[in-house]
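J.: Residue numbers (numbering that gives the first Met the number 0): 0 to 314.
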Amino acid sequence: MKKSLLYGPVTSRRLGLSLGIDAVAYKACTLDCIYCQIGRTKKTTVERRDFGRADTIFTELAGRLEDGLRADHITIGGSGEPTLNTEIGKIISGIRRMTDIPVAVLTNGTLLWDPAVQDALMDADVVLPSLDAADEETFQRINRPHPDISFQRTVDGLVSFSGRFGGSIWLEVFLVDSVNTSDRHLEKLKSIADRIGCDKIHLNTAVRPPAEGFVSPLGQEALEEATRRIGNKAEVIAEFRDEKGNTRQSEKKLLESDLIGMLRRRPCTAADIAAGLGVEESAAQVLAGRLAADGRVEIRESGSETYYVCPVQSL
Ligand code: SF4
Numbered sequence: 000m001k002k003s004l005l006y007g008p009v010t011s012r013r014l015g016l017s018l019g020i021d022a023v024a025y026k027a028c029t030l031d032c033i034y035c036q037i038g039r040t041k042k043t044t045v046e047r048r049d050f051g052r053a054d055t056i057f058t059e060l061a062g063r064l065e066d067g068l069r070a071d072h073i074t075i076g077g078s079g080e081p082t083l084n085t086e087i088g089k090i091i092s093g094i095r096r097m098t099d100i101p102v103a104v105l106t107n108g109t110l111l112w113d114p115a116v117q118d119a120l121m122d123a124d125v126v127l128p129s130l131d132a133a134d135e136e137t138f139q140r141i142n143r144p145h146p147d148i149s150f151q152r153t154v155d156g157l158v159s160f161s162g163r164f165g166g167s168i169w170l171e172v173f174l175v176d177s178v179n180t181s182d183r184h185l186e187k188l189k190s191i192a193d194r195i196g197c198d199k200i201h202l203n204t205a206v207r208p209p210a211e212g213f214v215s216p217l218g219q220e221a222l223e224e225a226t227r228r229i230g231n232k233a234e235v236i237a238e239f240r241d242e243k244g245n246t247r248q249s250e251k252k253l254l255e256s257d258l259i260g261m262l263r264r265r266p267c268t269a270a271d272i273a274a275g276l277g278v279e280e281s282a283a284q285v286l287a288g289r290l291a292a293d294g295r296v297e298i299r300e301s302g303s304e305t306y307y308v309c310p311v312q313s314l
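Pasting the structure below:
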């Protein structure tokens, strides 16, 4: 069965109900972050290329819009670095022509120094770059970049892109306990974020199972303290909760293919699955449990939460 390049809508802590678009092949990425939720990058790359996905994305999206798609954002991201796709500008402008739903781009920011990448993102409504390090040493330690990528060029790219881009920039900083969380490092991060001039700064930590077992999440209190240090644009990303239940359809049948599609992108709790796919949590638990018993999904504990994970070999 050919896999869909669209997934969700899933609930996103930052983007509300978000229809995801997988713009590149699995783990085509410039980085190999120690906290990556979808596993290690076997071979980092900086080679931009046409992944031949634009037409399929447009066809699939047209079908979803015809079916009455409801989403707060259409988010280009997926299981790698989307700016590696040379068609990303065409994909963004094509989506804009098809719908008024705002277009967001998740990026690790490492290619934003390239004017061609900057040009390609100009039609997006919001760009969400990551920046976890405030110096080269920490960058190497936490993001394990391709050898052609340097910390300074990444920061310069972010500053230069921000100067040109007319939409919103929401920076994500992923904090790993004892790696990038010292007071001095947070102060340096604040000063870089000020230079970039982003609209929001989202602080995240490893609440889902990370690529490397040695990665420890920052506790809630330490995260709040980091927020205070980074300033008034910073906020802890809280888990999205659909309290009103208005995106749920309890009668909707949960399909294995939808669930596998969601778990391929990130580990999820039963509550995540329920909120993302619009089903009752009990239904999510039953199906995920059945897939786990069949060996198609793994169960991992992280903190007090139980996550369902789709192993890479099932992709
Ligand atoms: S977290 Fe994002 S940027 Fe980092 S390795 Fe995973 S896909 Fe690449």
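Note that CB positions come from ideal geometry on N, CA and C, so glycine has one too. Note that the structure is a prediction, hence the values are computed from the model and not measured.
1. Going along the chain, which unbroken runs of the beta strand (DSSP E) with 3 or more residues stay wholly within the stretch 184-249?
2. Where DSSP assigns a beta bridge to T106, which residues make up the other side?
3. Is DSSP giving L64 helix, strand or coil here?
4. Within a Cβ cutoff of 7 Å, which residues of the same chain sit near V23, ignoring the five residues on either side of it in sequence?
5. Taking only beta-carbon atoms, is L111 less than 8 Å away from chain D?
6. How many whole angstroms separate the CB atoms of W169 and K189, which I take to be in contact at a CB cut-off of 8 Å?
7. With L120 as the anchor, note down where its alpha helix (DSSP H) starts and where it stops.
8. Would you decide whether Q219 is buried or exposed? Buried here means 16 or more other CB atoms lie within 10 Å of its CB.
9. Name the residue from D54, N203, R295, T40 whose alpha carbon lies nearest to the alpha carbon of I236.
10. With distances taken from CA atoms, which of F138, G156, H145, T106 is nearest E171?
11. Just tell me which of T43, L276, P114 has its CA closest to the CA of P8.
12. Answer yes or no: the CB of E80 versus the heavy atoms of the ligand SF4, is any distance below 7 Å?
13. Among V214, G230, R228, T55, whose alpha-carbon lies nearest the alpha-carbon of R140?
14. Flag N203 as yes when its Cβ comes closer than 7 Å to any non-hydrogen atom of the ligand SF4, and as no otherwise.
15. Less than 8 Å separating the beta-carbons of I33 and E224?
16. Nearest by alpha-carbon distance to C35: which of R263, A291, V126 is it?
17. Measure the Cβ-Cβ separation of R207 and S303 and say whether it is below 8 Å.
18. Could you name the residues that DSSP lists as bridge partners for G76?
19. List the residues that DSSP assigns as beta-bridge partners of T305.
20. Is L14 near the ligand ADP, with its Cβ less than 7 Å from a heavy atom?
21. Measure the CB-CB distance between A192 and I148 and report whether it falls below 8 Å.
22. Expressed to the nearest angstrom, what Euclidean distance is found between the alpha-carbon atoms of S11 and F173?
23. Skipping 5 residues on each side, what residues in its chain have a beta carbon closer than 8 Å to that of K232?
24. Since L14 and R52 should fall inside the 8 Å C-beta cutoff, what is the C-beta to C-beta distance between them, to a whole number of angstroms?
25. Are there 16 or more other CB atoms within 10 angstroms of the CB of R281, so buried, or fewer, so exposed?
T.: On the basis of the supplied data:
1. 199-204, 233-235
2. Within the sequence shown, the letter at position 107 stands for residue 106. Per DSSP, the beta bridge partners of T106 are P128.
3. Along the sequence shown, one-based indexing puts residue 64 at 65. It is helical.
4. Looking up residue 23 in the sequence shown gives position 24. Excluding sequence neighbours, V23 sits near F50, G77, G79, E80, P81, L83, N84.
5. The chain labelled as chain D is not found in the depicted structure, where only one protein chain is given.
6. Within the sequence shown, numbered from 1, the residue matching residue 169 stands at position 170. Within the sequence shown, numbered from 1, the residue matching residue 189 stands at position 190. Beta-carbon to beta-carbon, W169 and K189 are separated by about 16 Å, too far to satisfy the 8 Å threshold.
7. Start at 1 with the first residue of the sequence shown, and residue 120 comes out as number 121. Counting along the chain, the alpha helix (DSSP H) containing L120 begins and ends at 114-120.
8. Within the sequence shown, numbered from 1, the residue matching residue 219 stands at position 220. Its Cβ having fewer than 16 others within 10 Å, Q219 is exposed.
9. Locating residue 236 in the sequence shown gives position 237, where the first residue counts as 1. When only C-alpha atoms are compared, the closest one is N203.
10. Indexing the sequence shown from 1 puts residue 171 at position 172. Nearest C-alpha to E171: T106.
11. Position 9 of the sequence shown, counted from the first residue, corresponds to residue 8. The candidate whose alpha carbon is nearest that of P8 is L276.
12. Reading the sequence shown from its first residue, position 81 is the one you call residue 80. E80: yes, Cβ under 7 Å from the ligand SF4.
13. The residue you call residue 140 lines up with position 141 of the sequence shown. R140 has its Cα closest to that of V214, out of V214, G230, R228, T55.
14. Your numbering for residue 203 matches position 204 in the sequence shown. Flag unset: Cβ of N203 not near the ligand SF4.
15. Residue 33 sits at position 34 when you count from the first residue of the sequence shown. Residue 224 sits at position 225 when you count from the first residue of the sequence shown. Result no, Cβ atoms of I33 and E224 do not sit closer than 8 Å.
16. Taking the sequence shown and counting its residues from 1, the one referred to as residue 35 is at position 36. The residue with the shortest Cα to Cα distance from C35 is R263.
17. Numbered from 1 along the sequence shown, position 208 holds the residue referred to as residue 207. Numbered from 1 along the sequence shown, position 304 holds the residue referred to as residue 303. Judged by beta-carbon spacing, S303 lies beyond the 8 Å limit of R207, meaning their Cβ atoms are not closer than that value.
18. On the sequence shown, residue 76 is found 77 positions in, with the first residue counted as 1. Looking at the DSSP assignment, G76 forms a beta bridge with D21.
19. Position 306 of the sequence shown, counting from 1, holds the residue named residue 305. Per DSSP, E300.
20. With respect to the ligand ADP, the structure shown offers nothing to examine, as its ligands consist of the ligand SF4.
21. In the sequence shown, residue 192 corresponds to position 193, counting from 1. In the sequence shown, residue 148 corresponds to position 149, counting from 1. Not closer than 8 Å, so no.
22. Numbered from 1 along the sequence shown, position 12 holds the residue referred to as residue 11. Numbered from 1 along the sequence shown, position 174 holds the residue referred to as residue 173. For S11 and F173, the distance between alpha carbons rounds to 16 Å.
23. Sequence index remark: in the sequence shown, residue 232 carries index 233 (1-based). Same-chain partners within the cutoff: A192, C197, D198, K199, I200.
24. As a first step, residue 14 is located in the sequence shown; it is residue number 15 there, counting from the start. As a first step, residue 52 is located in the sequence shown; it is residue number 53 there, counting from the start. That belief does not hold up - the Cβ atoms of L14 and R52 are roughly 21 Å apart, past 8 Å.
25. Here residue 281 corresponds to residue number 282 of the sequence shown, with the count starting at 1. For clarity, residue 281 is Ser in the given sequence; the question names Arg instead. Around the beta-carbon of S281, fewer than 16 other beta-carbon atoms lie within 10 Å, marking it exposed.
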